[in-house]
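*Asks:*
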Amino acid sequence: MTNPSARWRALGPLHLDLRTRLTLSVMLIALLSTLGVAAGAFFYIRNNTLEVIASDQMQRTVAIAEAIDQKFISRRVLLKAFAESLEAQQLRGTAQLQPFLLRHTALMEVFDNVAVLDRTGNLVANYLGLEALGKLNLADRPYFIETLASDKGVISQPVRNRSRGVAQVLMTQPVHDASGNIVYVINGQITLEKPNFLGELAGLKFGKTGYVFITNTNGIVIDSPRKGRILKHFDAEGGHNEATTLAVAGFEGTTDAVNRLGVHALYAFKQTRQTNWIIGTHYPYNEAFADLRRVEQLTSMGALALSLLVGGLALLLLRRQLAPLGRLHEHMLATQAAARYVPLQAEYPPDELGDLARSFDLLMTERQSAREQLEASENYLREVLRHAGDAFVAIDGQARISEWNHQAEVIFGHSREQAMGQSLTELMVPAAMRPGCQAGMAEFLHSGVGPLVGKRREIDALHRDGHTIPVELSIAAMKVGDHFIAHAFLRDISERQAAEERIAASGKLLQDIADNMPSLVARLDSSMRYTFVNAHFQKAFPGRSFIGKAMQEVYDEAEFPIVEPWARKALSGERVTFEKQGAMHSSYSETRFEITYIPDWDADGRVRGFFSMSFDITERKRVENAIAANEAKLRGITDNLPALVAHLDADQRFTFVNGEVREWWGKEPASLIGHTMREVVGEMFYARVQPMLQRALAGERLEFESQRTVDGALRDAHSIFVPEFDAEGAVVGVFVMTINITELKTAQRKLALQARVDSLTQLANRVAFNEAMPLMLARSKRSGDALAVMYLDIDHFKAINDSLGHAAGDEVLCEFARRLEASVRTTDLVVRLAGDEFVVVLENLSGPEVASAVAQKIVVQVARPVFNVHDQPLSITTSIGILFHSHTSPPTTPAELLARADGALYAAKAAGRNRFEFAA
Numbered sequence: 001m002t003n004p005s006a007r008w009r010a011l012g013p014l015h016l017d018l019r020t021r022l023t024l025s026v027m028l029i030a031l032l033s034t035l036g037v038a039a040g041a042f043f044y045i046r047n048n049t050l051e052v053i054a055s056d057q058m059q060r061t062v063a064i065a066e067a068i069d070q071k072f073i074s075r076r077v078l079l080k081a082f083a084e085s086l087e088a089q090q091l092r093g094t095a096q097l098q099p100f101l102l103r104h105t106a107l108m109e110v111f112d113n114v115a116v117l118d119r120t121g122n123l124v125a126n127y128l129g130l131e132a133l134g135k136l137n138l139a140d141r142p143y144f145i146e147t148l149a150s151d152k153g154v155i156s157q158p159v160r161n162r163s164r165g166v167a168q169v170l171m172t173q174p175v176h177d178a179s180g181n182i183v184y185v186i187n188g189q190i191t192l193e194k195p196n197f198l199g200e201l202a203g204l205k206f207g208k209t210g211y212v213f214i215t216n217t218n219g220i221v222i223d224s225p226r227k228g229r230i231l232k233h234f235d236a237e238g239g240h241n242e243a244t245t246l247a248v249a250g251f252e253g254t255t256d257a258v259n260r261l262g263v264h265a266l267y268a269f270k271q272t273r274q275t276n277w278i279i280g281t282h283y284p285y286n287e288a289f290a291d292l293r294r295v296e297q298l299t300s301m302g303a304l305a306l307s308l309l310v311g312g313l314a315l316l317l318l319r320r321q322l323a324p325l326g327r328l329h330e331h332m333l334a335t336q337a338a339a340r341y342v343p344l345q346a347e348y349p350p351d352e353l354g355d356l357a358r359s360f361d362l363l364m365t366e367r368q369s370a371r372e373q374l375e376a377s378e379n380y381l382r383e384v385l386r387h388a389g390d391a392f393v394a395i396d397g398q399a400r401i402s403e404w405n406h407q408a409e410v411i412f413g414h415s416r417e418q419a420m421g422q423s424l425t426e427l428m429v430p431a432a433m434r435p436g437c438q439a440g441m442a443e444f445l446h447s448g449v450g451p452l453v454g455k456r457r458e459i460d461a462l463h464r465d466g467h468t469i470p471v472e473l474s475i476a477a478m479k480v481g482d483h484f485i486a487h488a489f490l491r492d493i494s495e496r497q498a499a500e501e502r503i504a505a506s507g508k509l510l511q512d513i514a515d516n517m518p519s520l521v522a523r524l525d526s527s528m529r530y531t532f533v534n535a536h537f538q539k540a541f542p543g544r545s546f547i548g549k550a551m552q553e554v555y556d557e558a559e560f561p562i563v564e565p566w567a568r569k570a571l572s573g574e575r576v577t578f579e580k581q582g583a584m585h586s587s588y589s590e591t592r593f594e595i596t597y598i599p600d601w602d603a604d605g606r607v608r609g610f611f612s613m614s615f616d617i618t619e620r621k622r623v624e625n626a627i628a629a630n631e632a633k634l635r636g637i638t639d640n641l642p643a644l645v646a647h648l649d650a651d652q653r654f655t656f657v658n659g660e661v662r663e664w665w666g667k668e669p670a671s672l673i674g675h676t677m678r679e680v681v682g683e684m685f686y687a688r689v690q691p692m693l694q695r696a697l698a699g700e701r702l703e704f705e706s707q708r709t710v711d712g713a714l715r716d717a718h719s720i721f722v723p724e725f726d727a728e729g730a731v732v733g734v735f736v737m738t739i740n741i742t743e744l745k746t747a748q749r750k751l752a753l754q755a756r757v758d759s760l761t762q763l764a765n766r767v768a769f770n771e772a773m774p775l776m777l778a779r780s781k782r783s784g785d786a787l788a789v790m791y792l793d794i795d796h797f798k799a800i801n802d803s804l805g806h807a808a809g810d811e812v813l814c815e816f817a818r819r820l821e822a823s824v825r826t827t828d829l830v831v832r833l834a835g836d837e838f839v840v841v842l843e844n845l846s847g848p849e850v851a852s853a854v855a856q857k858i859v860v861q862v863a864r865p866v867f868n869v870h871d872q873p874l875s876i877t878t879s880i881g882i883l884f885h886s887h888t889s890p891p892t893t894p895a896e897l898l899a900r901a902d903g904a905l906y907a908a909k910a911a912g913r914n915r916f917e918f919a920a
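Numbering (full-length UniProt numbering), first residue to last: 1 to 920.
1. Let's test the definition: count the other Cβ atoms within 10 Å of the Cβ of K135 and tell me whether it reaches 16, buried, or not, exposed.
2. M171 bridges to which residues according to DSSP?
3. Could you tell me the distance, in whole angstroms, from the CA atom of L313 to the CA atom of M301?
4. Would you kindly work out how many angstroms separate the C-alpha atoms of V854 and D118, rounded to a whole number?
5. Among the residues of its own chain, which have a CB less than 6 angstroms from the CB of L107, if the five just before and after it don't count?
6. Can you tell me whether L883 is buried or exposed? The criterion is at least 16 other CB atoms within 10 Å of its CB, across all chains shown.
7. Roughly how many angstroms lie between the CA atoms of E579 and M528, to the nearest whole one?
8. Classify residue 969 as helix, strand or coil using the three-state DSSP reduction.
9. Classify I725 as buried or exposed, calling it buried when 16 or more other Cβ atoms lie within 10 Å of its own Cβ.
10. Okay, do the region 849-868 and the region 738-751 touch, 3+ Cβ pairs below 8 angstroms being the bar?
11. Sorry if obvious, but does the Cβ on L777 come closer than 8 angstroms to a heavy atom of the ligand MG?
12. So if DSSP puts I794 in a beta bridge, which residue, or which two residues, is it bridged to?
13. If we count the other Cβ atoms within 10 Å of its Cβ and call it buried at 16 or more, is P669 buried or exposed?
14. Leaving aside the five residues before and after T191 along the sequence, list all residues of the same chain whose C-beta is less than 6 angstroms from its C-beta, in chain order.
15. Can you tell me which of L91, K227, I278 and G238 puts its alpha carbon nearest to the alpha carbon of F251?
16. Which term fits P691, buried or exposed, when burial requires 16 or more other beta carbons within 10 angstroms of its beta carbon?
17. Quick one: any contact between the region 754-769 and the region 715-724, if contact means 3 or more CB pairs under 8 angstroms?
18. Answer with buried or exposed for D556, where buried requires no fewer than 16 other C-beta atoms within 10 angstroms of its C-beta.
19. How is the alpha helix (DSSP H) around P99 delimited, first residue to last?
20. Since R655 is in the beta strand (DSSP E), which residue starts that stretch and which ends it?
21. Using 8 angstroms as the Cβ pair cut-off and three pairs as the minimum, do the region 877-894 and the region 757-768 touch?
22. Grouping DSSP H, G and I as helix and E and B as strand, with all else coil, what is E728?
23. For the beta strand (DSSP E) containing F610, name the first residue and the last one.
24. Alpha carbons only, please: which of L231, A125, T120 and Q96 is nearest the one belonging to N161?
25. Find the nearest neighbour of G440 within the set A486, E403, V393 and E409, judged by alpha-carbon distance.
26. Rounded to a whole number of angstroms, what is the C-alpha to C-alpha distance between D140 and I794?
27. Report the three-state DSSP secondary structure of V110 (helix, strand or coil).
28. Can you give me the Cβ contacts of T821 inside the same chain, cut-off strictly under 8 angstroms, excluding the 5 residues immediately before and after it?
29. Would you identify the three-state DSSP class for K232, choosing helix, strand or coil?
30. Assuming the contact rule is C-beta atoms closer than 8 angstroms, S706 and V680 should be a hit. Round their C-beta distance to whole Å, please.
31. CB-CB under 8 angstroms to E426, same chain, minus the five flanking residues each way: which ones, in chain order?
32. Given this structure, state the Cα-to-Cα distance separating S224 from F213, to the nearest angstrom.
33. Quick check on DSSP: helix, strand or coil for M441?
34. Once the 5 residues before and after H104 are set aside, which same chain residues still bring their CB inside 7 angstroms of it?
35. So, under 8 angstroms CB-CB, E843 and S759 are touching, yes? Tell me the CB distance rounded to an integer number of Å.
36. Quick one: what's P873 bridged to in DSSP?
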């Protein structure tokens, strides 16, 4: 006899022993665990990295847009100052204007050329190109016309310079005479092909090859790394960029798209406030995630190395621990083929292995009898499975077979291996029926509906050898993702059909069937005489015969007039259904019936009688009445709730609305039933709630707040969407409750505003300063622009309070605050810290001289004219401490900035007051 152990080894190198399998399992678990954790982490990191990259890109784009706005604002300030100088000196003609213009060299630091036009558009002064004086007229330029019409400076659309042929943008500023009439228009020219306007902004890079570009809302390129595209439409060179198209249409934010060169990139867009320019940034997708991909590769290699190390250690440990088990295994293999069991000749250790060996000895002694019983049981179960049930076939989203049971093998002749993955129509549908079946299957996989779904139908199916088999088909649909799959049960009804044919020929079998129907069945001829009744009908009238009797004889005088009209309609060819209480003298006098009269047609199409079928609907009527009573109670409760309560079905149609809808939507509850949410609330409001409604229909309970205009007033609402589940766990609708929280939200907004505004001067207070200062430092770091912190107080303010009283001091503080706000830009932050202490923060500064000019302006504005307090003139002055902070300055905190500016304030006071000093 061959040694079983030898046979086991003869299985070849692919049969691994337990130690090897356990080792490989440990290695696999370690590898899968490491890779799983790494994959999950990298999935999370990739998603968060994309959000961080997009957020950072958007912040940088917004900073660029703000920087460009500030450049326009600063140039506007210079043009206004130059115009005010011309107005103050009332210069006229080229002879006076040209020398005056040439002396203002500062203008050429921010403009490529500055020109002065008279009211008729003639060039009367020009910094560059003196030969054009008196020869060039720009009266037809739109920006010139708009300046005259609006009496204020404008920023032109990109244009081509007539004399020099360069692409440029012009900023204008009107100059008035003593009567306020426009006499001149100053033109500041900015050449788009030169970097002097955008400066370092044009050279910013996103990754290695990302860049900044500018278009306007008309799609005209303002700036681009390729200067040849300037003043052309962004689509002029062919191709299409969906991201830029969205931005021109008004989109602001981040997106991703493929440009006309086929580069997949992240885009961010922000429109400037001073012009209709759109700042766009292009960041190639591959560059954004290059470092992350390298880390993923290194992590995967580390996971593999870790798995190999764990596997090696596991192999050494398992080889030592499983040695006794190996000996027991050899013994078990040798025993499998033996007719009688011989116990292992060894002492069993007092541990789990010893218990296993002893249990093996005990079990093997009982094996012989147990084997015979087991073989008998297996044979019985195998026979049951072979002859049991219907064929079961599952179909996946591609109409291919995903499950095939043993009965399917028997009925259709295909083994499970042959059927799995095959097309259902090719394998089982006869050729003549395939086109229609394929079309119906495509519709089913998309919508989950079809003529066979949820019904039992008899069809012909194809056997492997080519003949057709009549089967009874029942299909259930199940949605998986965005498509449906099907589970089908099929029963071979060849024998049943033969039996049905025999039943059709047997009158007695027909009687048996009718007698077992759960209804009262009868047939009457054209003279309304009974020709057939079933057992239930006979039971309703015990002791009476019906065959040959007229309907009038069966029903009494009170009941016959009720049924006669319906019988006449049936004899005229109409199928009718009505409800009626059971006959008074029958055993069903307390039963409510639904009676149907069905015409019986002969071969010539004439009515030769009708069938009567009566169904007991007593329980159904009781349930319907109970439901109606419960609905009335529910409406009585919900109509008195201070909230809008409604129910939507799976198609988002209203099935219930309480009376509060009159207050919210001005409509009657009954008028909404059957209408969709979109139809009732309109497209605009529906677009806001549709995502939440879809999530509720997916099974999620939601609470959210929204706003809507009701009777011309804005109303805040708190809504709760609760999904409704049926007995099988499917969502069949959504319960909606909406509460009016307008008063609560209004109070919250007022409290939030009051907490950040100084009640006396209406300036920002210390809370607002503490919130804004870290954001300003972050913007300065990102943009590279400097900022300045000014610490101010009113000189000798205590003396004013002591001599004139606190009311007078409050008037001085309010007037000081107004003059302070008038002296700075609207974008600058003005704060009252406490008492007479104020702070001004200036952003986007090019150098300390800008802060110095603003400080000098504040000193002058405060000192004159004098303050008028209680009809008493007061001479008020201020001292200012300034801290200038650039992007190259050491990192600092808002508190440190304030402390250093305060020190400069004390230096200004020590130097004599009514002045400003910079912090060291």
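From the three backbone atoms N, C-alpha and C, an ideal C-beta is built for every residue, glycine too. Everything numeric in this text was worked out from a predicted model, so none of it was measured.
*Replies:* According to the data block:
1. exposed
2. I155 and G188
3. 19 angstroms
4. 32 angstroms
5. V114
6. buried
7. 19 angstroms
8. Because the chain spans 1 through 920 in this model, residue 969 falls outside it and cannot be assessed.
9. Checking the sequence shown, residue 725 turns out to be Phe, not Ile. It is exposed - the Cβ of F725 has fewer than 16 other Cβ atoms within 10 Å.
10. no
11. Ligands displayed in this structure: none; no statement on the ligand MG is therefore possible.
12. T878
13. buried
14. D112, V166 and Q168
15. I278
16. exposed
17. no
18. exposed
19. G93 to R103
20. The question names Arg, yet the displayed sequence has Thr at residue 655. Element bounds for T655: F654 to V657.
21. no
22. coil
23. V607 to D616
24. L231
25. A486
26. 52 angstroms
27. coil
28. Before going on, a small fix: residue 821 reads as Glu here, not Thr. Counting only Cβ-Cβ distances below 8 angstroms, and skipping sequence neighbours, we find L763 and V830.
29. coil
30. Not really, about 15 angstroms apart at Cβ, beyond 8 angstroms.
31. R434
32. 5 angstroms
33. helix
34. F82
35. That belief does not hold up - the Cβ atoms of E843 and S759 are roughly 26 angstroms apart, past 8 angstroms.
36. N868
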